[in-house]
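> Take a look at the following structure, please.
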Ligand SMILES: C=C(O[C@H]1C=CC=C(C(=O)O)[C@@H]1O)C(=O)O
Ligand SMILES: [Mg+2]
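Numbering (the UniProt record's numbering), first residue to last: 1 to 468.
Okay, here's the thing in structure tokens:
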């Protein structure tokens with residue numbers, strides 16, 4: 001049983017929330033933060049399986065500063081708007097929080113926090129596997145574990161109070177559920193086996209890519225990111241717990257996330273940050289241009305040198321830096337960009353990497369930045385609108401939340417969003433995995449195909465899929 005180390009005067013604040021709901025005849029959020037014993041985030045996630053499967057979320061940032069685990073939906077926020085999906089979610093979130101009653105300590109990533117994401121391109125027709133997801137989908141967890149860099153653990157309990165609620169019953173139910181979640185309910189997980197792993201039309205994909213390269217050579221556009229899909233079939237339903245465990249062991253230098261929606265789970269380990277906002281500080285990272293890791297130190301260094309000096313990859317990268325910098329300049333008082341890219345090395349691949357920092361203008365929320373930056377040319381292309389049309393026409397699939405913003409936001413408009421690449425969707429007895437690559441005029445279908453194979457590796461390994 002995980003102990004609650006410091007209990008705030010929750011009941012008085014809770015009764016205030018209930019009476020506010022009675023007076024205003026509106027829903028009022030009660031949010032309580034308590035310090036708890038050290039708990040392993042994955043153990044907390046697994047403990048939520050029995051009561052809250054289909055309503056869990058996981059977020060671990062790549063610097064190890066913050067881990068969030070959500071269990072149960074106190075409230076969900078969905079949007080089926082298209083280009084306005086970002087603003088719609090922001091508006092719903094702000095309105096919902098207007099009368100919120102908060103109690104307990106206030107630390108980054110505690111209290112009312114919504115975890116979720118947006119679709120890549122809302123014009124794409126929903127394929128069967130994505131039907132549970134809206135164009136914007138966020139969960140405010142009933143119980144959320146927050147672990148900070150020092151290892152402090154906080155539990156936020158959220159209850160939405162309505163005018164019809166009886167305070168005593170609701171309070172007791174919350175305490176009961178919380179105790180159940182915190183008591184050690186570890187049970188051994190039975191894993192399923194892979195039946196087969198199938199690449200979806202790889203030859204057609206290469207042909208499409210070659211036709212896009214021809215258009216790029218003619219100067220119709222500068223860059224288009226083309227993605228493809230691998231299907232893994234299991235002999236039963238694959239649990240997100242087992243996938244997260246593997247991702248956490250193998251990909252600790254990436255953002256690790258999961259978002260359960262009913263019987264689906266969007267899950268991944270992405271190295272790419274779209275934007276982080278902490279008060280006025282903004283950080284975005286440009287990540288594009290890739291090469292394999294070497295088998296020896298020397299070979300790895302040789303590949304790094306090749307990447308840092310390769311015209312094609314530098315061009316692929318530069319377009320992302322340009323777009324992110326220009327857009328941040330509109331929303332920030334100050335923007336700083338290094339003059340040349342550095343390297344980001346992760347387990348299977350190395351990338352060109354440029355961090356861009358800014359000081360936000362007043363009144364901005366992290367969602368305003370997401371709205372402005374998505375899709376960057378690391379997943380869309382240049383110019384954006386043309387590239388999005390080409391993606392829609394050539395890929396013949398729905399990306400869903402793949403390559404789109406996924407992350408969290410708090411009541412103050414702070415938060416962090418990653419770009420959900422190196423990811424997949426668990427649904428029914430299947431995993432749909434996605435990977436893409438930046439296509440420019442000097443691209444070659446075979447080497448871009450090989451690049452996607454490397455990018456599929458982390459998720460393939462995590463679900464247990466194999467390729468010949
Ligand atoms: C689109 C993906 O990667 C992007 C991010 C980093 C490097 C990329 C590249 O070199 O092509 C891609 O732009 C993916 O992993 O699915
Ligand atoms: Mg590339």
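Beta carbons are placed, not taken as given, at the ideal position from N, Cα and C, and that holds for glycine.
Taking all protein chains shown into account, decide if residue 385 is buried (16 or more other Cβ within 10 angstroms of its Cβ) or exposed.
exposed
> From residue 357 to residue 372, what distance separates their C-alpha atoms?
Cα to Cα, the separation comes out at about 15 Å.
> What did DSSP end up calling residue 470 once you bin it into helix, strand or coil?
Only positions 1 to 468 of the chain appear in this structure, which leaves residue 470 out of reach.
> Go ahead and pull the three-state DSSP assignment for residue 49.
helix
> Just confirm the distance between the C-beta atoms of residue 379 and residue 411, as a whole number of angstroms; I'd bet it's less than 8 Å.
About 29 Å; that fails the 8 Å criterion.
> With residue 109 and residue 155 assumed to form a contact (beta carbons below 8 Å), what rounded beta-carbon distance in angstroms separates them?
Contact doesn't hold; Cβ gap of about 12 Å is too wide.
> Measure the Cβ-Cβ separation of residue 472 and residue 427 and say whether it is below 8 Å.
No answer is possible for residue 472: the residues shown for the chain start at 1 and end at 468.
> Does DSSP classify residue 173 as helix, strand or coil?
helix
> So residue 209 and residue 439 are in contact, right, with Cβ under 8 Å, and what is the actual spacing, rounded?
6 Å
> What ranges does the beta strand (DSSP E) occupy inside the stretch 194-249, keeping only unbroken runs of at least 3 residues that lie completely in it?
194-199, 223-234
> Is any non-hydrogen atom of ligand 2 found closer than 7 Å to the C-beta of residue 471, if you look at the structure I gave you?
Nothing about residue 471 can be reported from this structure: the residues present for the chain run from 1 to 468 only.
> So, with DSSP's three-state summary, where would you put residue 281?
strand
> Taking C-beta to C-beta, are residue 145 and residue 153 nearer than 8 Å?
Yes, they are a contact pair.
> Specify whether the stretch 313-327 and the stretch 245-256 touch according to this definition: at least 3 beta carbon pairs, one from each stretch, less than 8 Å apart.
no
> Can the beta-carbon of residue 112 be found less than 8 Å from the beta-carbon of residue 100?
yes
> Report all residues from its chain with a CB closer than 6 Å to the CB of residue 198; omit the five preceding and five following residues, and keep chain order.
231
> Taking 7 Å as the line, does the beta carbon of residue 254 fall inside it for any heavy atom of ligand 1?
no
> Just to confirm my understanding: we take residue 97, look at its own chain, exclude 5 residues before and 5 after, and list those with CB closer than 7 Å. What are they?
Closer than 7 Å at the Cβ level, and outside the excluded window around residue 97, lie 29, 112, 411.
> Where residue 279 and residue 405 are concerned, what is the direct C-alpha to C-alpha distance, given to the nearest angstrom?
Looking at the backbone, the Cα of residue 279 and that of residue 405 are separated by about 20 Å.
> Go through its chain and collect everything with a Cβ distance to residue 11's Cβ below 8 Å, but skip five positions before and after it.
171
> Tell me, to the nearest whole angstrom, how far the beta carbon of residue 293 is from that of residue 359; I am working on the premise that it is less than 8 Å.
That pair is no contact at about 36 Å.
> Taking only the alpha-carbon atoms, compute the straight-line gap between residue 270 and residue 311 and give it to the nearest angstrom.
25 Å
> Could you name each continuous alpha helix (DSSP H) segment of 4 residues or more that falls completely within the stretch 83-162, going from the start of the chain to the end?
85-97
> May I ask which residues mark the beginning and end of the alpha helix (DSSP H) holding residue 24?
10-24
> Closer than 8 Å by C-beta to residue 392: which residues in its own chain qualify, once you throw out the five before and the five after it? Chain order, please.
121, 123, 124
> I want to check one thing, is the minimum distance from the CB of residue 306 to the heavy atoms of ligand 1 below 7 Å?
When distances are taken from the beta-carbon of residue 306 to the heavy atoms of ligand 1, even the shortest one reaches 7 Å or more.
> Can you determine whether any heavy atom of ligand 3 sits closer than 7 Å to the C-beta of residue 312, and answer yes or no?
Here the bound small molecules are ligand 1 and ligand 2; ligand 3 is not part of this structure.
> Using a Cβ-Cβ cut-off of 8 Å (strictly less than) and excluding sequence neighbours within five positions of residue 332, which residues of its own chain qualify?
282, 358, 359, 360, 361
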